[in-house]
Structures are given as structure tokens and as C-alpha cells.
Ligand code: AMP
């Protein structure tokens, strides 16, 4: 398993940072720790550097990302996985929709982009996710859904934490359009239905809380086509980026929820 701490070259040498309360595994970070004040001083410098850059000295938490076009099922599969592994699903789409609903300045700015099916500016979503990753429920890990979507976002994420695996859901465009145009979302709890595939018991009402279901503006066909184009143009480089990093896993996203979940679990078990 690759070391989870990046040690800058200026601090590499005969010393290495030792995570508190834990002896370094043999070969961890590739260095040995001599006794004495030099190591303590270097440890303090590195610790301060790590805090400043917000890289965690020791990351045992599960760090996954779901990749794929809108409507590929990232959210659906992530939900299955969070039930199994008890880590939160971090969806920038959901965070942005919450900001829109609250009518915050950020939400108002984001809404224009979202309604048009365009991406929200990188600096907005990077700020949102940075903040979210520091919350307590991420201690055991997280599954990112819908972030990163661009290379600058991926690079910003790499400065915060190191992903272990990216699950890339591959789904043809026609299937995506059929899935998204039938999608309905609960106005109250955000639960997702589909007019044909996952119909609510009472048409137009949420099974959980009885609130009205609605069709998101960006789930209308014209916006979907735009989102697919935007997604392809902006996120294909991510596939190359994570493939080059050796952590990309392709999964047939049209194989049905149970098969896609099973394939994803198999991938997770290989990285645990
Ligand atoms: P989603 O629910 O993931 O389909 O996201 C809905 C909309 O939120 C997208 O069409 C974008 O406008 C915006 N959005 C969500 N995540 C991101 C992101 N990582 N970068 C930019 N825009 C995003």
C-alpha cells in the first residue's frame, strides 16, 4: 500500500515523521528514525508543515471516489456502500442544492450554473468540500460523489488527502438520458425516485415523509444533454489522471444496481 504521507524532499533525509503513539512500520515512508533532538526538531517542522497544508499525518480512513457521467448511478451505488461501510457520502451536488435552498450568497451564485447544467466554479466547490472533509463524521472515511469533476479540483483534493480508489461507472448516453429525465427528488429529505425504475408508492409523494417529489431543473432533457457534454469535456482528463495514478477501476454502470454494488465492494476489499 502506498504511504499516505507525502514527505517533501526538503525534509527527507535520515529522519522521518513518526505518527503519535505508533511505531513506524518497517520501510514506512522509506526512512528510519534515529534517536535524539535532530529527529524531534524535524518531526516538529514536518508536523507544522502538515498542519498548514492540511495533509493528515496518518490516514487510515477509507477514501473513495465515484466517477462517471451524471446519471451513471454514482449516488445510488455510494448509498449502498455507505450502508455497508458506515462512512458518509460527500456529494457536492447535494451540498450545493442545500446552499441554494438556504438562499445563501454561494447558493444564489451556484444556482445559475446548476440550472443551465454548467459546472459551478472550482473555487466554490473546493471550498465546500474542504470544509466538509474536516467534519467529525469523516473520521472513518468518506465516499466522494460528484467531486472532483475537473483537474484543478483533483489537484486541490490531492493537496488535502490521498484517494485510495476511484470507481469509474461507465454508462451509455441513451441510458443516462432515460434515467435522468425520469428522476424525481423529494423536496424535504432529498430521497431519489424514478418514475419507472424506482416509483414511489403514491405517485408524486415521498415514501419516507409524504412530501412532494419534484423534477430538478437540471434533470430536464436539454439540460441533461448539456451536462453530458460538459461532463465529457471536463472530466475525461480525470480518467487519465487517476488511471495514471494507478487507482482507477472501471465498472460497467449499466449492469444493474446489485451487480455494480458487488463489483464496487470487490474493489474496496482489495484496498482495505
Ligand atoms: P450532481 O447532483 O452531482 O449531478 O450535481 C448537480 C449540479 O451541481 C451539477 O450539474 C453542477 O452544476 C453542480 N456541481 C456538483 N458538483 C460539482 C463539482 N464538483 N464541480 C462543479 N459543479 C458541480
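In the numbering used here, the protein residues as written are 11 to 282. For every residue, glycine included, the Cβ atom is placed at its ideal position computed from N, Cα and C.
Quiz item: Can you check whether the CB of residue 83 is closer than 9 Å to the CB of residue 275?
Solution: no
Quiz prompt | residue 185 versus residue 264: straight-line alpha-carbon distance, rounded | solution = When rounded, the separation of the alpha-carbon atoms in residue 185 and residue 264 is 8 Å.
Quiz item: If you draw a straight line from the alpha carbon of residue 41 to that of residue 165, how long is it in whole angstroms?
Solution: Only weak support is given to the placement of residue 41: the predicted model assigns it a pLDDT of 37, under 50, and the value that follows is read from those uncertain coordinates. Roughly 26 Å separates the two Cα atoms.
Practice problem: Pair every Cβ in the segment 238-255 with every Cβ in the segment 219-229, then say whether three or more of these pairs are closer than 8 Å. | Solution: Segments in contact, no.
Self-check item: Distance, residue 153 Cα to residue 62 Cα
Solution: Note that residue 62 has pLDDT 44, beneath the 50 cutoff, so the model's placement of it is unreliable and no number is given.
Exercise. Indicate, with yes or no, if the ligand AMP has a heavy atom lying under 8 Å from the CB of residue 157.
Key: Yes, the Cβ of residue 157 comes within 8 Å of a heavy atom of the ligand AMP.
Quiz item: Which runs of the alpha helix (DSSP H), 4 residues or longer, sit entirely within the segment 133-190?
Solution: 161-170
Quiz item: Is any heavy atom of the ligand AMP found at a distance shorter than 8 Å from the C-beta of residue 75?
Solution: In this structure, residue 75 has its beta carbon at no less than 8 Å from each heavy atom of the ligand AMP.
Exercise. Look up residue 101 in the DSSP assignment and give the residues it is bridged to.
Key: Residue pairing by DSSP places residue 101 opposite 155 in a beta bridge.
Quiz prompt | Sub-9 Å separation of residue 155 and residue 85 beta-carbons | solution = yes
Self-check item: Through-space distance from residue 179 to residue 81, alpha-carbon basis
Solution: 10 Å
Self-check item: residue 208 versus residue 192: straight-line alpha-carbon distance, rounded
Solution: 10 Å
Self-check item: Where residue 196 falls: helix, strand or coil (DSSP)
Solution: strand
Quiz item: To which residues of the same chain is residue 181 closer than 6 Å at the C-beta, ignoring the five residues directly before and after it?
Solution: Same-chain partners within the cutoff: 82, 263, 264.
Quiz item: When the Cα atoms are used, what is the spatial distance from residue 234 to residue 212?
Solution: Roughly 26 Å between the two C-alpha positions.
Quiz prompt | Beta-carbon proximity of residue 97 to residue 71, cut-off 9 Å | solution = yes
Quiz item: How is residue 276 classed by DSSP in three states: helix, strand or coil?
Solution: helix
Quiz item: Quick one: what's got a C-beta closer than 6 Å to residue 127's C-beta in the same chain, skipping five residues either side?
Solution: In its chain, beyond the 5 residues on either side, 228, 233, 236, 237 have a beta carbon closer than 6 Å to the beta carbon of residue 127.
Quiz item: With respect to 8 Å, is the separation between the Cβ of residue 103 and the closest non-hydrogen atom of the ligand AMP below this value?
Solution: yes
Quiz item: Would you report the Cα separation of residue 136 and residue 216, rounded to the nearest angstrom?
Solution: 32 Å
Exercise. From the DSSP output, read off the bridge partner residues of residue 75.
Key: In DSSP, residue 75 forms a bridge with 154, 176.
Quiz item: Looking at residue 169 and the ligand AMP, is the gap between the Cβ and the nearest heavy atom below 8 Å?
Solution: no
Exercise. Give a single yes or no on whether residue 128 has its beta carbon closer than 8 Å to a heavy atom of the ligand AMP.
Key: Yes, Cβ of residue 128 sits closer than 8 Å to a heavy atom of the ligand AMP.
Self-check item: Cβ-based neighbour list, residue 257, same chain, cut-off 8 Å, excluding 5 preceding and 5 following
Solution: 173, 174, 175, 176
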